[in-house]
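Novice: In terms of UniProt numbering, the sequence shown is residues 1 to 275.
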Amino acid sequence: MREALLRLRRATGLPIAFGGLIEGRHQVRIAELSGTGTTALRGLNVSSGNGLGGKAVALTRPCAVTDYRASRRISHEYDAAVAAEGLRSVLAVPVVVHRHVRGVLYGALRAPTPVGDRTLSAAVAAARDIEQALVAREEAAHLLSRAGEPSHPGSPAAWEEVREIHGELRTLAGRLGDPALRAELLAACTRLARAGQPGAVAPPGAPKPPPAVLTPREVDVLVCVAGGATNAAVAARLGVRPETVKGYLRSAMRKLGAHTRLEAVVAARRLGMLP
């Protein structure tokens, strides 16, 4: 939410942005403020149908007013907080995931200036970013819960499931535009990769494999290769050209001291890069 508010201000030029997610039954709690001069709006609980944000929740579409205090198109339960911040022109965009409102983003001016279509479109795009982040978090949480509770812990089938989940998480991380969330998912992938599996650790006394630093894309390619994907299939999954996949694979093999695709996968597993 904090990142989305900053993006909204940069994209729209609006000096003030605030918002929050649904807490409880049909109530949005304003938890994040950006550019405000007071804390009057923080902690405000906005009910469905009430005020501008509540109207956006009830209608599940963006709403805007040029002069909040004088508008006859909204109810005025929150006038005191809005007046304390000195807001006049306000827009509210609902955050909708799977047809359910999950929160509201607001942008505002301290002057009664109409909100243009470009500003509204930029605000809607910021809301879409939050929607994607919420979907990604929920999908990641589901995948991690599957990884934490395999049907038969320690069995080869369970480890195959962990590897599949690891690959899905990395693919999901590659689709995210939020750097913080992407880093969070990649950290979870690293924990899965280092969990180990039968045969992944070199026998006692064996020399340690040379250190190697692979790029995230090189690891992504090896994850797909470990699952038996061809270069064309890897390219389709990662959204790149097959020639690009070949380049990543050659680079990874060189860094790992491997001569074949299989050797590269085995080396990456021994180094804890793949589960």
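Just so you know, even glycine gets a beta-carbon here, dropped at the ideal spot from N, CA and C.
Could you name the residues of the same chain whose beta carbon sits closer than 6 Å to that of Arg2, not counting the 5 residues immediately before and after it, in chain order?
Specialist: Counting only Cβ-Cβ distances below 6 Å, and skipping sequence neighbours, we find Glu32.
Novice: Could you tell me the distance, in whole angstroms, from the CA atom of Gly19 to the CA atom of Ile130?
Specialist: Between Gly19 and Ile130, the C-alpha separation is close to 11 Å.
Novice: Check this for me: beta carbons of Ala36 and Glu77, under 8 Å apart or not?
Specialist: According to the sequence shown, residue 36 is Thr rather than Ala. No, Cβ-Cβ distance for Thr36 and Glu77 is not below 8 Å.
Novice: Since Ser251 is in the alpha helix (DSSP H), which residue starts that stretch and which ends it?
Specialist: Residues 242–256.
Novice: Please report how far the alpha carbon of Arg102 lies from the alpha carbon of Ala173, in whole angstroms.
Specialist: Going from the Cα of Arg102 to the Cα of Ala173 covers about 22 Å.
Novice: I'd like the list of long-range same chain contacts for Val135, defined as Cβ closer than 7 Å, with 5 residues on each side in sequence excluded.
Specialist: Excluding sequence neighbours, Val135 sits near Val97.
Novice: Leaving out five residues on either side along the sequence, give the residues of the same chain with a beta carbon under 7 Å from the beta carbon of Leu169.
Specialist: Only Ala140, Leu143, Leu185, Ala188, Cys189 meet the Cβ criterion.
Novice: Are there three or more Cβ pairs, one per stretch, closer than 8 Å when the segment 65–77 is compared with the segment 8–15?
Specialist: The answer is no - the segment 8–15 does not touch the segment 65–77, with fewer than three Cβ pairs under 8 Å.
Novice: For Thr260 and Met253, I'd like the C-alpha separation in whole angstroms.
Specialist: Taking the straight line from one Cα to the other gives about 7 Å.
Novice: Under a three-way DSSP split, which group does Glu32 fall into?
Specialist: Glu32 falls in the strand class under three-state DSSP.
Novice: Return yes when the Cβ of Ala267 is within less than 8 Å of the Cβ of Gly257, no when it is not.
Specialist: Result yes, Cβ atoms of Gly257 and Ala267 sit closer than 8 Å.
Novice: Classify Gly24 as buried or exposed, calling it buried when 16 or more other Cβ atoms lie within 10 Å of its own Cβ.
Specialist: When all chains shown are included, Gly24 counts as exposed.
Novice: Please report the straight-line C-alpha distance between Asn50 and His26, rounded to a whole angstrom.
Specialist: Cα-Cα distance, rounded: 11 Å.
Novice: My assumption, with CB atoms under 8 Å, is that Ala232 sits in contact with Pro216. Please give the rounded CB distance.
Specialist: Incorrect: roughly 21 Å between the Cβ atoms, too far for contact.
Novice: Give me whichever residues DSSP pairs with Val65 in a beta bridge.
Specialist: DSSP, once it has assigned bridges, lists Val90 as partnering Val65.
Novice: Quick check: what's the CA-CA separation for Pro198 versus Arg270?
Specialist: Unreliable placement is indicated for Pro198, whose pLDDT of 47 sits below 50; the coordinate value is still reported in the next sentence. The alpha-carbon atoms of Pro198 and Arg270 are separated by roughly 11 Å.
Novice: In this structure, does DSSP put Arg191 in helix, strand or coil?
Specialist: Arg191: helix per DSSP, three-state reduction.
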